[in-house]
Structure formats: C-alpha cells, structure tokens
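J.: Okay, handing you the structure first.
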Amino acid sequence: MDRNRDLEVINQEASPTEKTSFRNCPPWKKQLLIVGTVVLLTAVLIMAGIYLMKRNYNTAKQDTYNGFHQTAYDFAEQQNHVSNYALISVDAAREVSRLEVLSVSDSEFVIKNADKNDRTISWLEVQGTGVFTVDLAAGEFITDPERQYVLVRVPRPVLTECKVSGTGKQFLKRADFLIFNGSVAEGVQLSQNQLKEGRIKLEDAMKQDRRFYDESQKAAVSMIESLVKQWNPSVPDLQVEVEFIESN
Amino acid sequence: MSQELKPQDTSVPKPQEERKRTKQRRKKKSVKFSDVLFWFSMHRQAALFLLPVAAAVFAFLIAPAVGSSVGMAVGSFDGVTEGLAAGYDEGTAQGLSAEDTTAIFVNKLKETQKLQVLLMNLQLTDLYIQPENKKNDPDYAALFSVQSRGIFTVDLAVSKAVEDSESAKIVIHIPQPKFEPYTNDSSIEIVEDAEYIAPWYTGDGRTVAGYTGWLNTQKQLDQKLREEMLRDDGPMEQARASALRQVRQLAESLCKDGTTVEVCFFEEGEG
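As given, the protein sequences belong to chains A and B, one line each in that order.
When we follow the numbering used here, the leftmost residue of the first sequence carries the number 79, and every step to the right adds one.
When we follow the numbering used here, the leftmost residue of the second sequence carries the number 10, and every step to the right adds one.
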C-alpha cells in the first residue's frame, strides 16, 4: 500500500505541467520574477524617457534655430530682391549658312582702383566665349564624279561671335563709414562698365591670338572633309580637298 | 465619564492659537524620506507598482518637456548668436539672385560642328528695380535697352545620313535647332533718361547690392531669352524651316550629281 503511494508521489512530481506552473513555484522565485519584471520595465521606461528627451531636445533646438534663420533670410531676401521685366523684340532675322568650327573660351580681369572721386575698388574676372565660323554660303563646291573628288573653297574662319558668358572671382571693396556705403545706382553702373570693358578685352584677346586662327583652320578642314564623306556614303574612296579663299 | 461642555469649547478660537495649531498639524504631516523608505519596506507591492508608474511619468511627461525646454533654450541661443547672421547672409545672397556660378576653364578650345541657320537681331528693354519689395520707393529703378544677337544652330556632328542606292536618294536626319543668345554688353544704355535714383536721405541702398544685382541680372536675362526663343510659338518654327533648307542646299552642293537630298528631324528621343 505504502509502496503504491510512493509511486503516485513520484508520478505527480514527474508531471511536467505541474513542475512549470507559476502557482507551484516557491515564493522566493515568484518574488524574484515580479521584481525582475518591474525592474526591467522601469529600465525600459527610463531609456524611453531619455530617448524622448534627446529627441525633443534636438527637434526643439533645430526648430528654434530654423525659425531665427528663416526670419533673417526672408528679411534679407526682401531687402535685396532684384526684379527684371524684359521685353524682347526681333528687329531683323536672316537665314545664314555658317559652320561653327571652333569655340574658344577666355577670361580677363577688369581692374578698377579707388581714385580721388570714387573710393570703390573692384576687380572682376570676366569670362567669355567666342565662336569661329566659316561662311559656307560664300564658298564654292566643285565635284568631279569621275575622279571621285570634291574641292571645297571657303573663306577662312573668322571670329563672328563673342560674348560674356559669366563672371568669376571678384573683389569689391568700398571705404564704408557708417551709412556711407554708396548706392545701388553706383553699383549697377560699375558692373555695367566693367562688363563692357571685359567684353572688349576678351574680343581683342581672341582676335589677336594666332593660335585660335590656326586651330580653327585645322578644325574647319577636318570638319568639312568628314561632312562631305558622311553625305556621300556610296563613294568610299572620295577625295576631299579644302581650300581657303580670301573673303572681301 | 461624561464630557462636559465647557464654555471655552464653544467659543471661537483666537487667531494666534489657530495659527499655532495649523503649524503643529503641518509639522505632524511633514514626511521624512526615511519614513517613506520605511513605508515602502512595509508595503513592497506598492513600491513595485509605483516604480514603473514613476518611470512612465518621467518617460512620457517629464523627459520630453525637459528636452523641449532645454532644446528651445539652446536653439534660441544658437539662433540669436549664429542663426540670425547666417540667415541674413544667405537671404542677401538669394535676394541678389545668388548661386553665383564660378566657371573654371579647363579646355580653352573646343571643336564644334554646328551649322548656324538663322540669325536674329534682338532688342531687349529691361525694367530693372531694386529692391523689388519697395516698388513705390525703390533704391534704384531704370529702363535699359540692350542689343543682342540670337543664333539658331543645328549640330551636324550628331546628324545621320542614310542612302537609298536604288533611288539615288540620301536622307539626312538632323537634331532640332538650338538657340544661343549673344548679348552685346557694350550696347547697354538707359532709355530716354528713364532712371530713378532714390535720394540718399531716404536710403539709396549699397554699391555692393547694385553691383551684384546687375551681374546676376545679366545671367538671368540670357537664360530667359533662351527659354522664350525656344518656345513653340516663338521663332522656333522659322528656325526649323531654315535648318531644313540650309542643310538640304549644303548637302546638294556636296553630294555627287544627280543625288536627291531629303532632310528631316530626328524623332523625339532619337539621335
């Protein structure tokens, strides 16, 4: 009889559901579990609090900074806003047949130093582009189908276009004293004069550079040759010769 | 033991005595930290409940509020010391059309193979006002006349020629014309004395503002001119027609005798 009871007890202890049940845990284990959970929860909440504090700190700091920044930006933008209203009219238009063979770029500094009348110093880098063209309308094209030969006689390339394409480095200094910092009108006039001067300097430099003429002639020859060959694909051994004529 | 109601019990207490009693009550009510600890040691379950609640209050109420307040304070300091100056500088630059592009030339020479097909003499009349927000009393306003030349070109470097040997016909595909303005800066002049300069005592701006304003205007005018001329309802149609004609004439001169030349534009996305 006692033996059977012992077996029952052993069976009960061996039951896995009974063993893992929270109710059957010893009290110290229960307390440890509860305290552990509470401590963990508390730690998580504190971490969350720190995270939220940091996030709110950064957001508020950035928002406030941006607010000041935007206010100053808007104020300055309005104080300096330049407006242009341009009307474009076409005076004349004509068809041309000029081949652009070389585009050149250059830059010049226009210097204006202070003098007795004006204490403004302004050094401006003016950048420009020029285009050398060959007037094909003034050329002659002689084709010899038997010899598979084309002779193209065109005027030498010349600088036909030049413009200020931009401005680079600049140094502008005015002897400011309290409110004596010039005027907008003075500034506009100064920049217009420097752009004018810069364009003239650029055009002169481009016209005087022998290298540009040499390169433009080489480019013209190679381009015309390739163009003639491209447009006569059925004549593989086409001979093309380019001659420059003196234009009036 | 029966309680007897003494006459002084019913009497109204004197204000001084009342104050004393209140103080005593307060003294009695003031709780020491050690008392709290003692209380919690006796009521551990309450402590276990209150600890996460306190942490939650910290996490969701106190910490964000502290963060916002400190952030706002630090942000205000930074904003005043740095933000105002930085914003003013950036706003000034933007107001003067900013984005001042500095181009550095790498290649001074570049071969092109563009055929100029249409040349236009353009006249620009520009009403310049600075600053714009003071339209009724700007620092400076002027009506400028500017001469410009506009050129439409076709890039022959990307053209393509296909020959039909049976019909002795060659078809040349060319890209759409492009427009390039060549403004003559030497031609700028004020139209019929149309210039207003504010008197110095009302504020006539700064030299540097006018200087930068015009330099940027120059770029903007070129850009706007380019956009307007390339619009479909502008001279683009004329340029297209001229391109077809000029290329055909040129090709007829350069191709072998008897060849029929046909010129057309690339389809969109082609070439």
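Every residue gets a Cβ at the ideal spot worked out from N, C-alpha and C, and that includes glycine.
Using beta carbons (cut-off 9 Å, strictly below), is B:R28 in contact with chain A?
T.: Along the second sequence, read from residue 1 onward, the residue named residue 28 of chain B stands at position 19. No, no contact with chain A.
J.: Would you say B:T216 faces chain A, with C-beta separation under 9 Å as the test?
T.: Position 207 of the second sequence, counting from 1, holds the residue named residue 216 of chain B. Judged by the 9 Å Cβ criterion, B:T216 is in contact with chain A.
J.: Please tell me whether B:A203 has its Cβ less than 9 Å away from any Cβ of chain E.
T.: Within the model displayed, chain E is absent; protein chains A and B are what it includes.
J.: Give the residues of chain A in contact with B:V75, contact being defined as C-beta atoms less than 7 Å apart.
T.: Here residue 75 of chain B is taken as the residue at index 66 of the second sequence, counted from 1. The answer, in chain order, is M131.
J.: Measure the alpha-carbon distance for A:L316 versus A:Y227 and round it to whole angstroms.
T.: Taking the first residue of the first sequence as 1, we reach residue 316 of chain A at position 238. Taking the first residue of the first sequence as 1, we reach residue 227 of chain A at position 149. Those two C-alpha atoms are separated by around 6 Å.
J.: Mark A:K194 as exposed unless 16 or more other C-beta atoms lie within 10 angstroms of its C-beta, in which case mark it buried.
T.: Position 116 of the first sequence holds residue 194 of chain A. A:K194 should be labelled exposed.
J.: List, in order along the chain, the chain B residues whose C-beta lies closer than 8 Å to that of A:K274?
T.: For the purposes of this step, residue 274 of chain A is identified with residue 196 of the first sequence, where counting begins at 1. Within chain B, the residues near A:K274 are D194, S195 and I197.
J.: To the nearest angstrom, how far is the alpha carbon of B:G92 from that of A:H147?
T.: Sequence index remark: in the second sequence, residue 92 of chain B carries index 83 (1-based). Sequence index remark: in the first sequence, residue 147 of chain A carries index 69 (1-based). Approximately 5 Å between the Cα atoms of the pair.
J.: Would A:E178 and B:K233 qualify as a contact pair, given that the criterion is a beta-carbon distance under 9 Å?
T.: Here residue 178 of chain A is taken as the residue at index 100 of the first sequence, counted from 1. Here residue 233 of chain B is taken as the residue at index 224 of the second sequence, counted from 1. Against a cut-off of 9 Å, the Cβ pair of B:K233 and A:E178 comes out as no contact.
J.: Decide if B:G267 is buried, meaning its Cβ has at least 16 other Cβ atoms within 10 Å, or exposed.
T.: Within the second sequence, the letter at position 258 stands for residue 267 of chain B. Its Cβ having fewer than 16 others within 10 Å, B:G267 is exposed.
J.: Leaving out five residues on either side along the sequence, give the residues of the same chain with a beta carbon under 8 Å from the beta carbon of B:N193.
T.: As a first step, residue 193 of chain B must be located in the second sequence, where it is residue number 184. These residues qualify, in order along the chain: V155, Q156, S157 and R158.
J.: Could you list which residues in chain B have their beta carbon closer than 9 Å to that of A:F100, in chain order?
T.: Numbered from 1 along the first sequence, position 22 holds the residue referred to as residue 100 of chain A. Here the premise fails: no neighbours, minimum Cβ distance about 16 Å.
J.: Is A:G206 near A:M284, with beta carbons less than 9 Å apart?
T.: Position 128 of the first sequence, counted from the first residue, corresponds to residue 206 of chain A. Position 206 of the first sequence, counted from the first residue, corresponds to residue 284 of chain A. In this structure, A:G206 lies near A:M284, with their beta-carbon atoms less than 9 Å apart.
J.: Measuring alpha carbon to alpha carbon, tell me which of A:S200, A:P314, A:V266 and A:V182 ends up nearest A:Q286.
T.: Here residue 286 of chain A corresponds to residue number 208 of the first sequence, with the count starting at 1. A:Q286 has its Cα closest to that of A:V182, out of A:S200, A:P314, A:V266 and A:V182.
J.: Can you tell me whether DSSP reads B:E26 as helix, strand or coil?
T.: Here the question's residue 26 of chain B lines up with position 17 in the second sequence. Three-state DSSP puts B:E26 in a helix.
J.: Chain B beta carbons: is any one of them nearer than 9 Å to that of A:P311?
T.: Counting from 1 along the first sequence, the entry for residue 311 of chain A is found at position 233. Put simply, the CB of A:P311 is near chain B, with a gap under 9 Å to one of its CB atoms.
J.: On the criterion of 16 or more Cβ atoms from any shown chain inside 10 Å, does B:H52 qualify as buried, or is it exposed?
T.: Locating residue 52 of chain B in the second sequence gives position 43, where the first residue counts as 1. That one is exposed.
J.: From this set, B:G219, B:I71, B:Q54 and B:T269, which residue's C-alpha is nearest B:S176's C-alpha?
T.: Start at 1 with the first residue of the second sequence, and residue 176 of chain B comes out as number 167. Comparing Cα positions, the closest option is B:T269.
J.: Just reading off the alpha helix (DSSP H) that A:P105 is part of, what are its end residues?
T.: Taking the first sequence and counting its residues from 1, the one referred to as residue 105 of chain A is at position 27. Here the alpha helix (DSSP H) through A:P105 covers P105 to N158.
J.: Let me confirm a value: B:D142 is counted as buried when at least 16 other C-beta atoms fall within 10 Å, else exposed. Which label applies?
T.: As a working note, residue 142 of chain B is residue 133 in the second sequence. The question names Asp, but residue 142 of chain B in the sequence shown is Asn. Exposed: under 16 other Cβ atoms inside 10 Å.
J.: Can you find a CB in chain B that lies within less than 9 Å of the CB of A:L250?
T.: As a working note, residue 250 of chain A is residue 172 in the first sequence. Yes, A:L250 lies at the interface with chain B (some Cβ there is under 9 Å from its Cβ).
J.: What residue range is occupied by the uninterrupted beta strand (DSSP E) comprising A:T207?
T.: For the purposes of this step, residue 207 of chain A is taken as the residue at position 129 of the first sequence. Counting along the chain, the beta strand (DSSP E) containing A:T207 begins and ends at T198 to D213.
J.: List in chain order: all unbroken alpha helix (DSSP H) runs of 4+ residues lying wholly within the stretch 254 to 295 of chain A.
T.: Unbroken alpha helix (DSSP H) stretches of 4 residues or longer found wholly inside the stretch 254 to 295 of chain A: 262 to 286, given in chain order.
J.: Using 8 Å as the threshold, is the stretch 122 to 139 of chain B in touch with the stretch 170 to 177 of chain A, meaning 3 or more CB pairs across them?
T.: yes
J.: Just to confirm, does A:S294 get its C-beta within under 8 Å of one of the non-hydrogen atoms of the ligand FMN?
T.: Ligands are entirely absent from the displayed structure, and the ligand FMN is therefore not among its contents.
J.: From the DSSP output, read off the bridge partner residues of B:M129.
T.: Position 120 of the second sequence, counting from 1, holds the residue named residue 129 of chain B. Answer by DSSP bridge pairing, in chain order: A:A171 and B:G159.
J.: Helix, strand or coil for B:N193 per DSSP?
T.: As a working note, residue 193 of chain B is residue 184 in the second sequence. Correct three-state label for B:N193: coil.
J.: Give a yes or no on whether the C-beta atoms belonging to A:V122 and B:L60 are separated by under 9 Å.
T.: As a first step, residue 122 of chain A must be located in the first sequence, where it is residue number 44. As a first step, residue 60 of chain B must be located in the second sequence, where it is residue number 51. Cβ distance not < 9 Å, so A:V122 and B:L60 don't count as in contact.
J.: What's the C-alpha gap between A:L229 and B:I138?
T.: Here residue 229 of chain A corresponds to residue number 151 of the first sequence, with the count starting at 1. Here residue 138 of chain B corresponds to residue number 129 of the second sequence, with the count starting at 1. Each residue's CA atom was taken as its position, placing A:L229 and B:I138 some 56 Å apart.
J.: Do A:Q308 and B:S168 count as a contact pair if the criterion is CB distance below 9 Å?
T.: For the purposes of this step, residue 168 of chain B is taken as the residue at position 159 of the second sequence. For the purposes of this step, residue 308 of chain A is taken as the residue at position 230 of the first sequence. Taking the C-beta atoms as reference points, A:Q308 is found nearer than 9 Å to B:S168.
J.: Which same chain residues end up closer than 6 Å to A:E264 when comparing Cβ atoms and leaving out the 5 residues on each side of it in sequence?
T.: The residue labelled residue 264 of chain A in the question sits at position 186 within the first sequence. Result list for A:E264: empty, nothing under 6 Å.
J.: Count the C-beta pairs between the stretch 246 to 262 of chain B and the stretch 291 to 300 of chain A that are closer than 8 Å, then say yes if the count reaches three, no if not.
T.: no
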